[in-house]
Amino acid sequence: MSEPDLVDLERIKVEILLDAPLVRRVEAAAERHGLTGWTVLPTLGGSGRSGRWQDDQVTGAASKVLFITVCNREKADAFTRELSPVLEAYGSVLLKSKVEVVRPGKF
Amino acid sequence: MSEPDLVDLERIKVEILLDAPLVRRVEAAAERHGLTGWTVLPTLGGSGRSGRWQDDQVTGAASKVLFITVCNREKADAFTRELSPVLEAYGSVLLKSKVEVVRPGKF
Amino acid sequence: MSEPDLVDLERIKVEILLDAPLVRRVEAAAERHGLTGWTVLPTLGGSGRSGRWQDDQVTGAASKVLFITVCNREKADAFTRELSPVLEAYGSVLLKSKVEVVRPGKF
Amino acid sequence: MPAGLETLLSPVILFFILGALAAAVRSDLAIPEAIAKGLSLYLMAAIGLKGGVEVSQSGFTAEMALAALAGLTLSFLIPLPVFLALKRIGRLDNINAAAVAAHYGSVSVVTFVAGVEVLGSGGLPPAGYMVAVLALMETPAIIVGLMLARRGGNGQVHAGNGLLHETLLNGSVVLLMGSFLIGLIAGKEGFAPIAPLFEDAFRGLLCLFLLDMGLVAMRRLRESRALTWRLAGLGIIFPVINGTIGVLVGALIGLDTGSAAALGMLAASASYIAVPAAMRLALPQADPGLYLAMSLAVTFPFNITIGIPYFVFLATQVV
Amino acid sequence: MPAGLETLLSPVILFFILGALAAAVRSDLAIPEAIAKGLSLYLMAAIGLKGGVEVSQSGFTAEMALAALAGLTLSFLIPLPVFLALKRIGRLDNINAAAVAAHYGSVSVVTFVAGVEVLGSGGLPPAGYMVAVLALMETPAIIVGLMLARRGGNGQVHAGNGLLHETLLNGSVVLLMGSFLIGLIAGKEGFAPIAPLFEDAFRGLLCLFLLDMGLVAMRRLRESRALTWRLAGLGIIFPVINGTIGVLVGALIGLDTGSAAALGMLAASASYIAVPAAMRLALPQADPGLYLAMSLAVTFPFNITIGIPYFVFLATQVV
Amino acid sequence: MPAGLETLLSPVILFFILGALAAAVRSDLAIPEAIAKGLSLYLMAAIGLKGGVEVSQSGFTAEMALAALAGLTLSFLIPLPVFLALKRIGRLDNINAAAVAAHYGSVSVVTFVAGVEVLGSGGLPPAGYMVAVLALMETPAIIVGLMLARRGGNGQVHAGNGLLHETLLNGSVVLLMGSFLIGLIAGKEGFAPIAPLFEDAFRGLLCLFLLDMGLVAMRRLRESRALTWRLAGLGIIFPVINGTIGVLVGALIGLDTGSAAALGMLAASASYIAVPAAMRLALPQADPGLYLAMSLAVTFPFNITIGIPYFVFLATQVV
Ligand SMILES: Nc1ncnc2c1ncn2[C@@H]1O[C@H](COP(=O)(O)O)[C@@H](O)[C@H]1O
Ligand SMILES: Nc1ncnc2c1ncn2[C@@H]1O[C@H](COP(=O)(O)O)[C@@H](O)[C@H]1O
Ligand SMILES: Nc1ncnc2c1ncn2[C@@H]1O[C@H](COP(=O)(O)O)[C@@H](O)[C@H]1O
Ligand code: NA
Ligand code: NA
Ligand code: NA
């Protein structure tokens, strides 16, 4: 198995921490931008400028999830550019980092 | 505490999203490759080429987990090379990224 | 939206896998170091030099969580330098990696 | 007022106090979120069913329609004075005042449930249709709240296409109304085989849920940064005034003592399920720490311990 | 057919319909996965225990052995015609046809439980040993399904060392059989102290589980891309034919009316626990969206609402 | 000893054995952690309430104070010989010996609960105040354990400011004591409405919890690397000796048969909630795999199956 050019394998992982009820809207945005996939992880709690929170499924007002998607640089930038103002209003956190994927065609 | 050479501290984080029932097999492969440790995280749902899914513990057919292991570049490549065909069949996602560790001897 | 200098946007993501009862102490350390925020994720299980574990909420002795904080390089180094001896005693894992943030002022 | 004291010493309330004390001394006692959510769903199914079964016995009456109309009207009107008080006395900005006001116009399922327990054990059970009134009162205040927020000149109300849908089809509304209809269809006979779970086990499970609510309420109180003394005071004055109005309206439209007291409890209570979730979506700039602290950490404990006995007492006087 | 209508109006079925409707209108009503899994384990323990206690009263009989043999045979044979129909009429490839066929050869615990409820309330309780038949019928079809997939010339069947072990020691099989044995050992007297949970609360908890199943089934139906009209049609024809055969076989081997109807329900039902998990492992190329949609979103609702009353009716005619 | 055999064949113990067997054959049977934790909290609330209600009937007595004193004393003293035996015979280092010793000085709630079931069904219910003794015995051994670890010259005991607080206000202690007080205040009348959950459903829910404990115990036994034959032997000898001493002390201070047997069970049992969590914090170098294997995988199964019947038998002989 000869190693293909590393740059070809490089993609961007976008991680967004956001309020659980917002997920539907971020998914809609992801579809609009042609992202092929994403995964959502649960959280337990955290702390930020707007105070502390603990997962709270009863009121639903303090449940956050981590939305993760891997794609190429252009899509990642376009996607996060659209989301930024919304996420700012919601006090969410958005991170990008470089990852290497095995089947680059998939992302 | 004088900073040691950064390169010495660099390791590869391998992240694999896979069906929960498969974890046993990936763990066996990890042991075969001499990986010293791994951690498994839960997920809530996601979407990909094969459609959407939501965590579903009753049927067990749509529960996925995130398997994470940190090791050096060679082990990471050997490990993922062995797993790739299996994971392809299962439609899993495999990512690698660079991380800096504090106690490099551990990994 | 003109792209600002990339270096300005670069921050360090610190990930610490640790025993759930320890979270309070790590949070206290984070506050002491002026970190503005963090997030805690659940885990399902794992394996390391000290053996295997599975999430176990009844005894509470084998519940681990993933503590994540994003900050600049200096804070990250100071924070992890303070925590290192404690975490070593507890057999925890500490990783650092580079991430790109959207609103750098926040971190 | 020995009836009030007796209420305070019932296990249901004592478990709430135990939870609050445990959180106050920072014990690590915690109920898993999945269990708390499960208990919350169970309670809604159980009271929906019981209400429906009762209405299947009593049939539909004019009184019922009047009670529904009264509930809806209260739910639409209560946010208005609450909004003004929050701005003038509480010194909140438009957005936060509107968000909190929506909570007080809506209702708290557990306050209602605890009140029904007290009324039932005192021989004054409210009519079964009050459950339907509860369900009707859950959402209108959300719309009023959003209108108040908009009127304040704030363009950033995210009330997009999805919101109305998400509000009206909120899980708690669907489950309450659905269980009510199931109870109505199944009737007393159909209910009998499921009564061991939904009736006999009800008070015990309510104890466990209130243990969790005590933990949650006190933790919120401790961690809240936004709660001022003025706001805490309002969180007590609102239920007293709204509840009194509710009881009086109930008496005026001819409800029986138990139902009038229950209408008072509904008016007095502040939402902790449907509204917080809707506000988080529609008014993201509003501080959830603030509205949850007022609703869960001030008004809810007040109602559970003092409000309920007072509304019962008032209803026995005016009906 | 008033008995059928009555069944449809029992709270157990109404909660299933409520869940389906809530998912259809995209309500955010959701039961935490841990609770759903807990309810599923509870139901298996409860029916295992009840079956065991009944057999401890009745003793082992030749009829029992016959019923077990009939169940096993059905479980081995049903996948074959189903596989052909899926390929010819449903236009599936070998792998997907084999995976779906395995589901129809196996059984659905909740369909059985709901059917036993209907039979019991109609005065026709099936014999206790039918629980053992249920457990026996869970796994054989998995093996047949894998053989069909292999025969299709596909080398990628991951049936490695672990699979047989994982299939035979599947949690649901172990819990069902284990509880059956515990019921057998404990007998009626030993069961009495745990009857409040495992008997009295049973129907209520079944309501909550079916609420979740309604949500899950409808969500699957909505999100499934692979389900064609042809396949949906097969998902209704399969239970009708398989169930009819099951009832007739039951009558033929001399089972009582209730047990024959129950055998029909087992034959008609499609697995939603043991088989999906096994197929995900052994036939990863098969589409889980497809087999879960057919099993959970088509056949399960059909059996719950129409299939069960039909099998009961048929059994009363032929036994 | 037919009473012992009968105990072994009760569903409660059989579910424990089922769980252990399922884990032994590596079945994937698993109870969600949230459910297991919820069951654990329920059991503590239930036995706290029952104890409190009983004391509300019997009133406070000198005997009660004596039992409390005996329990506290045992809890402080038991770790000392256990520590020495672990070092000399078990060949553990100071830190690990101290951590394990703390477990044996403390108590296991489920062992107590299972023992009370056996005593109750045998017509020898222990006094209600034994629940308070149980709560008192949970934490003292933690302090003794830390002192032993320090004495061993190890500076790395993280017993910082927080630890005493975290230990004394451990969730299980707060819930047990709180429920005891609620039972005391509510009395028999106040308890009646919540009895269906906390009394009738108790044994059934205990079955489900013990199913989980069986799974957990056997999985620990299988995965433990640190457990030697010597240590496993000690894990059986400790409960025999400590329990015998407990029963004798109970007889000596004049407790009734049931209470003396219960004191024996408390002395014999090893903590699996409060102590592991505290040791993980205060003695991080101690191996949790070791102390949980001894406590959960050796001593707990021994007590549940053999220890309890033996202590009952012994108590009937000496009281
Ligand atoms: N620097 C950070 N690192 C990790 N998570 C963060 C950080 N800042 C904020 N968060 C998370 O984002 C949530 C909202 O942040 P904030 O808007 O600052 O209150 C917090 O409660 C944290 O869970
Ligand atoms: N680009 C992506 N980013 C994050 N997660 C993904 C991505 N693509 C696929 N996934 C996850 O992997 C699962 C299987 O992907 P697929 O095989 O494409 O259906 C999806 O359901 C997602 O949870
Ligand atoms: N290389 C690794 N990659 C990912 N997680 C690890 C790694 N090493 C250890 N861990 C996690 O850290 C825990 C403690 O590690 P240890 O102290 O080596 O037993 C393990 O049980 C794993 O969950
Ligand atoms: Na209100
Ligand atoms: Na079948
Ligand atoms: Na002890």
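Chains as they are written, first to last, in the numbering used here: chain A, 2 to 108; chain X, 2 to 108; chain H, 2 to 108; chain D, 130 to 448; chain F, 130 to 448; chain U, 130 to 448.
For each residue, glycine too, the CB sits at the ideal point set by N, CA and C.
The model shown is predicted, which means the values in this text are computed figures rather than measured ones.
Which same chain residues, not among the five before or five after residue i, have their C-beta less than 7 Å away from its C-beta?
| i | result |
| --- | --- |
| Leu137(U) | Thr434 |
| Tyr233(U) | Ile207, Pro208, Val211, Phe367, Asn371, Ala399 |
| Pro405(U) | Pro417, Tyr420, Leu421 |
| Arg215(U) | According to the sequence displayed, residue 215(U) carries Leu and not Arg. Once the five neighbours on either side are set aside, the close Cβ partners of Leu215(U) are Leu221, Ala226, Val229, Ala230, Leu363. |
| Arg74(X) | Ile13 |
| Val447(F) | Val376, Leu377, Ala380 |
| Ala77(X) | Ile13, Val15, Lys97 |
Report back the beta-carbon spacing between residue i and residue j to the nearest angstrom; my notes put them in contact at under 8 Å.
| i | j | result |
| --- | --- | --- |
| Ala270(D) | Asn223(D) | The pair is not a contact, with the Cβ atoms about 16 Å apart (cut-off 8 Å). |
| Gly375(U) | Leu392(U) | 5 Å |
| Ala197(D) | Leu265(D) | 6 Å |
| Ala407(D) | Thr240(D) | Going by Cβ atoms, the distance from Ala407(D) to Thr240(D) rounds to 19 Å, so no, they are not a contact pair. |
| Val94(H) | Phe68(H) | Between Phe68(H) and Val94(H) the Cβ distance is about 11 Å, and since that is not below 8 Å, they are no contact. |
| Lys166(D) | Pro322(F) | Rounded, the Cβ-Cβ distance is 30 Å, inconsistent with contact. |
Return the chain-ordered list of same chain residues with a C-beta closer than 8 Å to the C-beta of residue i, the five sequence neighbours on each side being excluded.
| i | result |
| --- | --- |
| Val369(U) | Ala397, Gly436, Tyr439 |
| Arg53(A) | Gly46, Gly47 |
| Tyr91(A) | Leu19, Asp20, Leu23 |
| Val27(X) | Ile17, Leu19, Phe68, Leu84 |
Measure from the C-beta of residue i to each C-beta in chain F and report whether the shortest distance is under 9 Å.
| i | result |
| --- | --- |
| Pro131(D) | Unreliable positioning characterises Pro131(D) in this predicted model, as indicated by a pLDDT of 45, which lies under 50. The coordinate reading is nonetheless provided below. No, Pro131(D) does not count as interfacial toward chain F. |
| Val94(X) | no |
| Thr60(X) | yes |
| Pro22(X) | yes |
| Ser85(X) | no |
Using a cut-off of 7 Å between C-beta atoms, extract the partners of residue i located in chain X.
| i | result |
| --- | --- |
| Trp39(A) | Gly47, Ser48 |
Just the chain F side, please: which residues come within less than 9 Å of residue i by C-beta, in chain order?
| i | result |
| --- | --- |
| Arg155(U) | His294, Glu295, Leu298 |
Kindly say whether residue i, judged by its beta-carbon, lies nearer than 9 Å to any beta-carbon of chain X.
| i | result |
| --- | --- |
| Ser64(H) | no |
| Ala29(A) | no |
| Ser104(A) | This sequence places Arg at residue 104(A); Ser is not what is there. Chain X contact via Cβ: present. |
Interface residues of chain D around residue i at Cβ under 9 Å?
| i | result |
| --- | --- |
| Thr44(A) | The contacting residues do not exist; Thr44(A) stays about 11 Å from chain D at best. |
Taking 9 Å as the CB-CB cut-off, is residue i touching chain A?
| i | result |
| --- | --- |
| Pro405(D) | yes |
| Leu10(X) | no |
Given this structure, state the Cα-to-Cα distance separating residue i from residue j, to the nearest angstrom.
| i | j | result |
| --- | --- | --- |
| Lys14(H) | Glu83(A) | 24 Å |
| Leu304(F) | Leu275(F) | 24 Å |
| Leu410(U) | Val441(U) | 36 Å |
| Ser388(F) | Phe145(U) | 31 Å |
| Ala390(D) | Met193(D) | 15 Å |
| Val242(D) | Gly148(D) | 18 Å |
| Ile142(F) | Lys99(A) | 51 Å |
| Ala175(U) | Asp57(H) | 22 Å |
List the residues of chain A that residue i touches, going by C-beta distances under 8 Å, in chain order.
| i | result |
| --- | --- |
| Ile402(D) | Val59, Thr60, Gly61 |
| Leu18(X) | Thr40 |
Which residues of chain X have a Cβ atom closer than 9 Å to the Cβ of residue i, listed in chain order?
| i | result |
| --- | --- |
| Glu101(A) | Ile13, Leu96, Lys97, Ser98, Lys99 |
Looking at chain U, is there any beta carbon in it that lies within less than 9 Å of the beta carbon of residue i?
| i | result |
| --- | --- |
| Phe144(D) | yes |
| Arg82(H) | no |
Using a Cβ-Cβ distance cut-off of 9 Å, determine whether residue i contacts chain D.
| i | result |
| --- | --- |
| Ile160(F) | yes |
Just the chain H side, please: which residues come within less than 8 Å of residue i by C-beta, in chain order?
| i | result |
| --- | --- |
| Leu67(A) | Thr40, Leu42 |
Closer than 8 Å: is that where the CB of residue i sits relative to any heavy atom of ligand 8?
| i | result |
| --- | --- |
| Ser353(F) | With respect to ligand 8, the structure shown offers nothing to examine, as its ligands consist of ligand 1, ligand 2, ligand 3, ligand 4, ligand 5 and ligand 6. |
Kindly list, in the order they appear in chain F, the residues whose Cβ is closer than 7 Å to that of residue i.
| i | result |
| --- | --- |
| Leu304(D) | Leu158 |
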